[in-house]
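Just so you know, we're using this note's numbering here: the sequence shown kicks off at 328 and counts up by one. A virtual CB, placed ideally from N, CA and C, is assigned to each residue, including glycine. As the structure is a computational prediction, the values presented were derived from the model and not from experiment.
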Amino acid sequence: LVLGAVSGHISGTPTAVAVEAIYVVTATNSAGSTTFPLTLAVNVAAPSNLQYPGPQIFRLGIAIQALVPTVVGSVAFYSVTPELPDGLVLDAINGEISGTPTAVSSTTTYTIAAENAGGRATFALELTVSPFSVGGTISGVSGGGVVLRNNGAADLAISANGNFRFPASLSRGERYDVTVVEQESHPRHQCEVRNGTGTVDAYDITDVTIACVAIHRLAINFRNVLTPGLVLSLFPDGSLEIPVPVNAPSI
């Protein structure tokens, strides 16, 4: 800051912080002088234009890429309200958010403040921590009644063909084991599970495949079977052959 010797104007741009002090300004002419005690202080400018990349959706159990803020001006410390999801931390000095989420958290807006002696700037950051789901596709269902189970507990009733997903979710590193605990009975079905077991890594499990087929009972009656060695072939390629005993009434 400078004082104009002729006009008495004080002008300029402060370049350093200065504590409050009394400056005595003197105006002088040929007849004498007069003074004025002027109190001045130079405080640091408040931070401004605080920004974070967002909104963000994080996955349970997977370390996040640190969120680095941008801000105009100097910052003495950072703070956040409410507390970040379990496993995530805010560095009070540089404002970075890092860590590994350890619990599911619904979408929440967190207010982050960058502060110094001159004031504060805030930013509303929306964060979500979602778990991993287990699901896939099922085919061959004709009337409902199929019940799937994951890890021996989470049951899911199926009434139609298509995609399915268990309501219970998992975190990274947890195992999944999908089984069929109830089959369709009208008609009776047999369901086969493929890709039903494994460990959650970094993505939702979507490739569990369940194929169901109806099982029909075939009854054949015979009369006057007198020749031994008779064989009933059910398929043209001979893949299923059933020996027919002498005098067999039916099979």
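Using a 10 angstroms sphere on the CB of Ile424, the tally of other CB atoms reaches 16 or more, which defines it as buried.
A distance of 9 angstroms or more separates the beta carbons of Pro412 and Ile439.
In the structure shown, the three-state DSSP call for Glu423 is coil.
Shown here, Leu330 sits in a strand according to DSSP, grouped into three states. Secondary-structure assignment with DSSP links Gly472 through no beta bridge to anything. Minimum Cα-Cα distance from Pro494 among the listed residues Phe459, Arg515, Val507 and Gly472 corresponds to Phe459.
At a Cβ-Cβ threshold of 9 angstroms, Pro380 and Leu394 count as neighbours. Here Val535 is near Gly462, since their CB atoms are less than 9 angstroms apart.
With a cutoff of 9 angstroms on beta-carbon distance, Val398 and Leu377 are scored as near each other. Using a 10 angstroms sphere on the CB of Glu511, the tally of other CB atoms reaches 16 or more, which defines it as buried.
Residue pairing for Asp504: DSSP places it in a beta bridge opposite Thr524. Taking one beta carbon from each stretch, the region 501-510 and the region 464-482 have 3 or more pairs nearer than 8 angstroms; the two touch. In this structure Ala403 is not in contact with Asn356, their Cβ atoms being roughly 47 angstroms apart against a cut-off of 8 angstroms.
In this structure, Val369 keeps its C-beta atom at 9 angstroms or more from the C-beta atom of Thr362. Take the alpha-carbon of His513 and the one of Gly470: they are about 7 angstroms apart. Excluding the 5 residues flanking it on each side, Ile389 has same chain C-beta neighbours closer than 8 angstroms at Thr427, Pro428, Arg499 and Ala529, in chain order.
Arg386 is classed as buried because its beta carbon has at least 16 other beta carbons within 10 Å across all chains shown. Look at Asn490 here: in three-state DSSP terms it is strand.
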